[in-house]
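Working notes, structure below.
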Amino acid sequence: MTIDPSKFYYATIATELGDIKVQLYADRAPMTVNNFVFLAREGFYDNTTFHRVLQDFMAQAGDPTGTGMG
Numbered sequence: 326m327t328i329d330p331s332k333f334y335y336a337t338i339a340t341e342l343g344d345i346k347v348q349l350y351a352d353r354a355p356m357t358v359n360n361f362v363f364l365a366r367e368g369f370y371d372n373t374t375f376h377r378v379l380q381d382f383m384a385q386a387g388d389p390t391g392t393g394m395g
């Protein structure tokens with residue numbers, strides 16, 4: 326799969342507290358966006374958890390093991 330860097334891509338992250346919609350910047354990070362879009366379309370991220378949350382700073386997710394090591 327190859328994305329078109331001139332197009333806009335968005336991802337919706339469904340959480341227990343509501344959905345989060347994020348824009349993916351294909352023009353700035355085409356390989357990263359291509360990888361993310363491919364994995365998302367294949368269901369790789371389905372039912373994964375936020376395995377690391379630092380209040381007022383960041384959250385990490387997408388590890389199928391839920392540990393941050395997968």
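So for the sequence shown, the numbering used here puts the first residue at 326; every next one is plus one. Note that CB positions come from ideal geometry on N, CA and C, so glycine has one too.
What does DSSP give as the partner residues of residue i in its beta bridges?
i, result
"alanine 384", "Val378"
By the three-class DSSP mapping on this structure, what secondary structure does residue i have?
i, result
"alanine 365", "helix"
"threonine 357", "helix"
"phenylalanine 370", "Correcting the residue identity first, residue 370 is tyrosine in this sequence and not phenylalanine. Tyrosine 370: coil per DSSP, three-state reduction."
I'd like the span of the beta strand (DSSP E) that includes residue i, first residue to last.
i, result
"lysine 346", "343 to 349"
"threonine 340", "334 to 340"
Three Cβ pairs or more, each shorter than 8 Å: is that satisfied between the segment 359 to 376 and the segment 386 to 393? Output reads yes: the segment 386 to 393 touches the segment 359 to 376.
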